[in-house]
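Please read the structure below before turning to the comments.
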Amino acid sequence: MSNVIYEDKYFNEEVKKEFIEQYGAGTQKLIARMFKISNAIESDLEKDVYDFTREELRRLMFLYAPTTENSSKHNVSWISKYIDWAIEEGHVNGLNPLDLVPKDWASQFVNKTLKKYWTDKEINQIIDKCANAQDAVIISLLYEGVWGEGHSEILGLAKPHVDAFNNTLHLSDENGNKRSIVVSDKCIKLCEQALREDTYEKMNGNTSPDNRADQANLIENDYVVRSAKTNTKHIYESEKNVVYRRLTKIANELNEPQFQPRNIAYSGMLFRAKELYQERGQLDKEEYALIAERFNFNLDQSLTRIKNEFLNVETIKELYQLT
């Protein structure tokens, strides 16, 4: 199966469609787009938008990347309407966390220069600042094309699948699909370091003096990415939201709200596209096919959309300051 970040789908599809169908065709397209964007974070957190906390809703609003305060207010309004409807229909209990937000709450999400993509140099600098190989390897794997629905290629990666001699990772997703990719020396080394780690530095090594412990012991198994022993029920593969949770901490430390799995993967695509463009002098269907194979997405279904959104020569030149 192709990666979920490129599929036109909704989380909790039946409920979403029930809400959408109340409105006219034009409005349906607008709401559908919002739910397709929210799918990534809903899948990471394994819950519907109507069950988000205010902080989780805040991160969602940044994902919409509004360029005006008016569009940001519309985003907040539609999500609030959806939550109200879900409460009325009995899909969730409690109060709408957006009911009591300040009037200027939507303005914080407006940023015409909000950073969404990172160069290879910037990614490496972020990786080098990670106190835990457990965190750094997640960034590296996403950037190099390892994904899978529910991050299953990352969470299923174990010691026998890391061929350091040939710089190759043997991947499988939750649907049993298998593939192998060649990765960088740095990615392989991070996999090996993550496998050797037995403790996890809390808060990227910047814990408060009041904390009882600066470290947590990691579950002992052969997986590259492992959960800490504290209150975890997963003694084999890590729980699905460990990728999102760890990257959220890094994003908060960087003050970069868009430093999320999808955008890290997109940044990796842009790097591959830049390399192909400089080598071949073009970025055409053959080059896109190579990127699609690497990042395991359906070229026929996604090419037009991702070209329009970001994977094009203009974005490459802007990001890498090429002439």
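Each residue of the sequence shown is one higher than the last, beginning at 779 in our numbering.
Backbone N, C-alpha and C fix where the C-beta goes; we use that ideal spot for every residue, glycine too.
What are the boundary residues of the beta strand (DSSP E) that V960 is part of?
Here residue 960 refers to the residue found at position 182 when the sequence shown is read from its first residue. Note, V960: beta strand (DSSP E), K956 to V960.
Paired residues, beta bridge with V940 - DSSP
The residue you call residue 940 lines up with position 162 of the sequence shown. V940 pairs with L947.
Nearest to V854 by CA position, among I865, H869, F887 and K795, is which residue?
Taking the sequence shown and counting its residues from 1, one reaches residue 854 at position 76. Nearest of I865, H869, F887 and K795 to V854, Cα basis: F887.
Quick one, which of A818, E833, K899 and E792 has its alpha-carbon nearest L1097's?
Locating residue 1097 in the sequence shown gives position 319, where the first residue counts as 1. Closest option to L1097, Cα to Cα, is K899.
Can you name the start and end residues of the alpha helix (DSSP H) that N1041 belongs to?
Within the sequence shown, the letter at position 263 stands for residue 1041. N1041 -> alpha helix (DSSP H) spans P1039 to R1058.
Quick one: what's got a C-beta closer than 6 Å to R957's C-beta in the same chain, skipping five residues either side?
Your numbering for residue 957 matches position 179 in the sequence shown. Around R957: L949.
May I ask you to report which of helix, strand or coil DSSP gives Y978?
For the purposes of this step, residue 978 is taken as residue 200 along the sequence shown, with counting starting at 1. In this structure, Y978 counts as strand in the three-state DSSP scheme.
DSSP puts L996 in a beta bridge; with which residues?
Against the sequence shown, residue 996 aligns to sequence position 218. According to DSSP, which records beta bridges pairwise, L996 is partnered with A1006.
Alpha carbon of L947 to alpha carbon of V940, nearest angstrom
Here the question's residue 947 lines up with position 169 in the sequence shown. Here the question's residue 940 lines up with position 162 in the sequence shown. Going by the C-alpha atoms only, they are around 5 Å apart.
For the alpha helix (DSSP H) that contains W883, what are its first and last residues?
Here residue 883 refers to the residue found at position 105 of the sequence shown. No alpha helix (DSSP H) holds W883; DSSP gives it neither H nor E.
With respect to the alpha helix (DSSP H) encompassing Q912, which residues constitute its N-terminal and C-terminal limits?
The residue labelled residue 912 in the question sits at position 134 within the sequence shown. A911 to Y921 is the extent of the alpha helix (DSSP H) around Q912.
Is the beta carbon of Y978 sitting closer than 8 Å to the one on Q1038?
As a position in the sequence shown, residue 978 is number 200, starting the count at 1. As a position in the sequence shown, residue 1038 is number 260, starting the count at 1. No. Outside cutoff.
Return the first residue and the last residue of the alpha helix (DSSP H) that K794 is part of.
Taking the first residue of the sequence shown as position 1, residue 794 is located at position 16. Run containing K794: E791 to I798, per the alpha helix (DSSP H) assignment.
With DSSP run on the structure shown, which of helix, strand or coil describes Y788?
The residue given as residue 788 occupies position 10 in the sequence shown. Y788: coil per DSSP, three-state reduction.
Going by C-alpha distance, which of I861, V915, G926 and A818 is nearest D963?
Taking the first residue of the sequence shown as 1, we reach residue 963 at position 185. Out of I861, V915, G926 and A818, V915 has the C-alpha closest to the C-alpha of D963.
DSSP-derived helix/strand/coil call for Y842
Sequence index remark: in the sequence shown, residue 842 carries index 64 (1-based). Three-state result, Y842: coil.
Note the first and the last residue of the continuous alpha helix (DSSP H) segment covering F1073.
The residue labelled residue 1073 in the question sits at position 295 within the sequence shown. Taken as a continuous stretch (DSSP letters only), the alpha helix (DSSP H) holding F1073 covers K1063 to F1073.
For Y1001, write down the residues that DSSP places opposite it in a beta bridge.
As a working mapping, residue 1001 is identified with position 223 in the sequence shown. Y1001 is bridged to A936.
Beta-carbon proximity of K1007 to Q993, cut-off 8 Å
For the purposes of this step, residue 1007 is identified with residue 229 of the sequence shown, where counting begins at 1. For the purposes of this step, residue 993 is identified with residue 215 of the sequence shown, where counting begins at 1. No, they are not a contact pair.
For L878, does the count of other Cβ atoms within 10 angstroms reach 16, so buried, or fall short, so exposed?
Taking the first residue of the sequence shown as 1, we reach residue 878 at position 100. Label assigned to L878: exposed.
Check whether K937 and D976 have beta carbons under 8 Å apart:
Along the sequence shown, read from residue 1 onward, the residue named residue 937 stands at position 159. Along the sequence shown, read from residue 1 onward, the residue named residue 976 stands at position 198. Against a cut-off of 8 Å, the Cβ pair of D976 and K937 comes out as no contact.
Please list, in chain order, all residues of the same chain as T1103 whose beta carbon is under 8 Å from its beta carbon, the five residues on each side excluded.
Look at the range of the chain in this structure, 779 to 1101, and you will see that residue 1103 is not part of it.
Beta-carbon proximity of S1005 to V1020, cut-off 8 Å
For the purposes of this step, residue 1005 is identified with residue 227 of the sequence shown, where counting begins at 1. For the purposes of this step, residue 1020 is identified with residue 242 of the sequence shown, where counting begins at 1. Yes, the pair counts as a contact, with Cβ atoms nearer than the cut-off.
Closest by CA to H1085, which one among S918, E799, A942 and A1051?
Mapped onto the sequence shown, residue 1085 falls at position 307. This sequence places Lys at residue 1085; His is not what is there. Closest option to K1085, Cα to Cα, is A1051.
Using the three-state DSSP reduction, which class does F830 fall into: helix, strand or coil?
Here the question's residue 830 lines up with position 52 in the sequence shown. The answer is coil: DSSP assigns F830 none of H, G, I, E or B.
Contact under 8 Å by Cβ, S850 with A818:
Along the sequence shown, one-based indexing puts residue 850 at 72. Along the sequence shown, one-based indexing puts residue 818 at 40. Going by C-beta atoms, S850 is not nearer than 8 Å to A818.
Which first and last residues belong to the alpha helix (DSSP H) in which Q1099 is found?
Numbered from 1 along the sequence shown, position 321 holds the residue referred to as residue 1099. Where Q1099 is concerned, there is no enclosing alpha helix (DSSP H), given that its DSSP letter is neither H nor E.
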